[in-house]
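See below for the structure under consideration.
Numbering (the numbering used here), first residue to last: 13 to 276.
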């Protein structure tokens with residue numbers, strides 16, 4: 013049962029760590045930047061506390077070793093009330109993945125972050141229904157089971173998006189089939205909001221309305237566009253050892269006040 017809103021903790025600051033999921037892809041704003049669930053959550057928390065500060069260190073394409081080396085030390089030094097850490101899925105979705113290494117890095121990161129904040133939040137990330145999810149499901153199951161163990165060990169909260177059928181609906185995923193749409197991010201932000209003990213604004217896990225079946229021709233056209241615009245560039249980056257986040261800085265690298273006009 014979700015706690016009443018007056019019982020929910022008041023956080024004065026929030027730091028988000030992770031990869032493209034936490035950076036906000038593909039919840040695009042008119043200026044070409046991304047918003048995403050963490051920004052939406054920060055805006056709602058800021059509305060409850062004057063002077064609320066927010067940092068988002070997430071960068072697309074980052075592997076768990078990069079998050080542990082680049083983001084965790086910075087976040088641990090910020091002395092924030094709330095920290096969210098979502099990582100490891102980029103590792104899991106690669107053809108080769110050392111799960112022992114990923115889990116070890118995640119364990120070290122949680123052990124370092126938990127003592128530095130009032131509340132650490134971890135996630136069982138959502139997965140888009142389809143053959144890719146089924147191919148990597150055993151790895152994801154192992155990763156998420158380990159996250160549950162870490163949360164129990166360190167007093168962290170877990171937001172279980174993986175078990176929500178609604179978030180597996182392809183209609184909540186962008187054309188690249190890797191990132192959520194704006195509506196998907198809105199639902200994730202609400203899920204975290206509720207897990208923190210706030211009163212629900214809406215049922216984030218309710219299924220989308222049933223829609224008319226898409227014709228075979230339309231499905232094949234989408235498959236061709238996906239392969240040309242997203243799959244082939246992704247393969248090229250893997251073959252050359254490049255990442256979409258190479259050279260990219262976090263969008264909010266410092267823990268600074270979230271100005272009223274920036275609240276979303």
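We put the beta carbon where it would ideally sit given N, CA and C, even for glycine.
Please classify residue 113 as buried or exposed, where buried requires at least 16 other C-beta atoms within 10 Å of its C-beta. To locate residue 113, count along the chain shown from 1; it is residue 101. The residue in question, residue 113, is exposed, as its Cβ has fewer than 16 Cβ neighbours within 10 Å.
Along the chain, where does the alpha helix (DSSP H) containing residue 34 start, and where does it finish? As a working mapping, residue 34 is identified with position 22 in the chain shown. Its alpha helix (DSSP H) spans residues 32–35.
Return helix, strand or coil for residue 104, following the three-state DSSP convention. Taking the chain shown and counting its residues from 1, one reaches residue 104 at position 92. Reduced to three states, the DSSP call for residue 104 is helix.
Reference residue 91; option with closest CA among 23, 149, 141: Sequence index remark: in the chain shown, residue 91 carries index 79 (1-based). Comparing Cα positions, the closest option is 23.
Excluding the 5 residues preceding and the 5 following residue 19 in the sequence, name in chain order all residues of the same chain whose CB lies nearer than 7 Å to its CB. Your numbering for residue 19 matches position 7 in the chain shown. So the qualifying residues of the chain are 209.
Let's see if you can read the secondary structure: which residues bound the alpha helix (DSSP H) around residue 125? Locating residue 125 in the chain shown gives position 113, where the first residue counts as 1. Note, residue 125: alpha helix (DSSP H), 111–125.
Checking 8 Å against the spacing of the C-beta atoms, do residue 39 and residue 30 come in under that value? Within the chain shown, the letter at position 27 stands for residue 39. Within the chain shown, the letter at position 18 stands for residue 30. Against a cut-off of 8 Å, the Cβ pair of residue 30 and residue 39 comes out as no contact.
Name, in chain order, the residues that DSSP records as bridge partners for residue 135. Taking the first residue of the chain shown as 1, we reach residue 135 at position 123. BP columns for residue 135 point to 171.
For residue 61, which residues of its own chain have a beta-carbon under 8 Å away from its beta-carbon, when the five flanking residues on both sides are left out? For the purposes of this step, residue 61 is taken as the residue at position 49 of the chain shown. The answer, listed in chain order, is 22, 23, 24.
Less than 8 Å between the C-beta atoms of residue 54 and residue 270, yes or no? Within the chain shown, the letter at position 42 stands for residue 54. Within the chain shown, the letter at position 258 stands for residue 270. Yes.
According to the neighbour-count rule (16 or more other Cβ atoms, all chains shown, within 10 Å of its Cβ), is residue 142 buried or exposed? Reading the chain shown from its first residue, position 130 is the one you call residue 142. Exposed, since its Cβ has fewer than 16 Cβ neighbours within 10 Å.
Excluding sequence positions up to five away, which residues of its chain have a Cβ less than 8 Å from the Cβ of residue 261? Taking the first residue of the chain shown as position 1, residue 261 is located at position 249. Correct list, in chain order: 71.
Length of the line joining the Cα atoms of residue 68 and residue 222: On the chain shown, position 56 is the one that residue 68 refers to. On the chain shown, position 210 is the one that residue 222 refers to. Looking at the two C-alpha atoms, the distance is approximately 35 Å.
Meets three-Cβ-pair contact criterion under 8 Å: the stretch 132–142 and the stretch 78–92: no
Suppose contacts are defined by Cβ-Cβ distances below 8 Å. Is residue 216 in contact with residue 56 by that definition? Counted from its first residue, the chain shown places residue 216 at position 204. Counted from its first residue, the chain shown places residue 56 at position 44. No. Outside cutoff.
3-residue-minimum beta strand (DSSP E) runs that sit fully inside the stretch 141–205, ordered along the chain: 169–172
Work out the CA separation of residue 170 and residue 146 for me, nearest whole Å. As a first step, residue 146 must be located in the chain shown, where it is residue number 134. As a first step, residue 170 must be located in the chain shown, where it is residue number 158. Taking the straight line from one Cα to the other gives about 23 Å.
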